[in-house]
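Under numbering that gives the first Met the number 0, the residues of the sequence shown are numbered 0 to 227, in order. Structure first, commentary second.
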Amino acid sequence: MTAGGNSKNSDDAEELEAGKIRLVMALRRQGIRDGRVLSAIERVPRETFVTGSFVEQAYDDHALPIECGQTISQPYVVAYMTEKLEVGERMKVLEVGTGSGYQAAVLAQLCRRVYTIERYRTLLNDAVKRFEILGFHNITAQVGDGGKGWPEQAPFDRIIVTAAAPEIPLELANQLKVGGIMVVPVDVEGEQGGQKLVRLTRHEDGANVEELLPVRFVPLVEGVARES
Ligand code: SAH
0 MTAGGNSKNS DDAEELEAGK IRLVMALRRQ GIRDGRVLSA IERVPRETFV TGSFVEQAYD
60 DHALPIECGQ TISQPYVVAY MTEKLEVGER MKVLEVGTGS GYQAAVLAQL CRRVYTIERY
120 RTLLNDAVKR FEILGFHNIT AQVGDGGKGW PEQAPFDRII VTAAAPEIPL ELANQLKVGG
180 IMVVPVDVEG EQGGQKLVRL TRHEDGANVE ELLPVRFVPL VEGVARES
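Encoded structure:
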């Protein structure tokens, strides 16, 4: 590689680093207060989770397209959902909808182990490669229908769903420990395309449900994807 090429690479790296600092400051201004969440965002290189020309937009605060017609979530939404999940370092967390693997990587900074499920094998394989490259060893990933949860590993301290469910998925709520929390986007009835983020806290005899933000996620789809 030429010297010119090298200096371009280091300019790009500096540009990304500056973008990351701006993003973390913007997240703080927008109300993300949990320092552990902000430093998890700082430790995970979002550019590793996007491809091609999207790399230069890695620290813009918006969702970006990934393979299989899916998206990597907006950083603010990742930070917000992670904060609302109140993850502790000894916890076992289930994520439904691995996508690029970015949200799982952020969670992995904060808990003991993340279990993540994706219905597209292509996406799952790419995400697993990223976890290996980055040396994130506390993530277990598999292809499957995440709507059914991961019964072999249940119960979980926390569950995060990163695709919109038609209603609160009770099969997942049943895989929470008592005192466990699930954050999930749910379709708003009678409102085409409307979704709201819901936080469910499981109790001994039932659950408490809070409505958080309006959001926009790809839909939770039943079954494993058939790919050509
Ligand atoms: N958390 C991801 C965002 C992924 S978008 C990230 O950080 O990049 C939502 C993902 O959920 C998509 O990849 C989609 O394929 C997946 N998905 C949708 N329905 C699913 C299901 N039933 N089981 C598992 N994954 C599902």
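A virtual CB, placed ideally from N, CA and C, is assigned to each residue, including glycine.
List the residues that DSSP assigns as beta-bridge partners of residue i.
i: Ile-245; result: There is simply no residue 245 to check, as the chain begins at 0 and stops at 227 in what is shown.
i: Val-142; result: Glu-117
i: Ala-206; result: Arg-201
i: Ala-163; result: Pro-218
i: Val-185; result: Ala-164, Lys-195
i: Leu-84; result: In DSSP, Leu-84 forms no bridge with anything.
i: Leu-175; result: Phe-155
What first and last residue would you give for the alpha helix (DSSP H) that runs through residue i?
i: Glu-170; result: 169 to 172
Since residue i is in the beta strand (DSSP E), which residue starts that stretch and which ends it?
i: Val-105; result: Element bounds for Val-105: not the beta strand (DSSP E) but the alpha helix (DSSP H), 101 to 107.
i: Val-95; result: 91 to 95
Is the beta carbon of residue i less than 8 Å from the beta carbon of residue j?
i: Arg-118; j: Val-142; result: yes
i: Glu-41; j: Val-54; result: no
i: Gln-191; j: Pro-213; result: no
i: Tyr-79; j: Asp-60; result: no
i: Met-90; j: Asp-156; result: yes
i: Cys-67; j: Gly-87; result: no
i: Ala-163; j: Phe-130; result: no
i: Ile-159; j: Val-208; result: no
i: Gln-69; j: Gly-98; result: yes
Those runs of the beta strand (DSSP E) which lie wholly inside the stretch 10 to 75 and span at least 3 residues:
Within the stretch 10 to 75, no complete beta strand (DSSP E) run reaches 3 residues.
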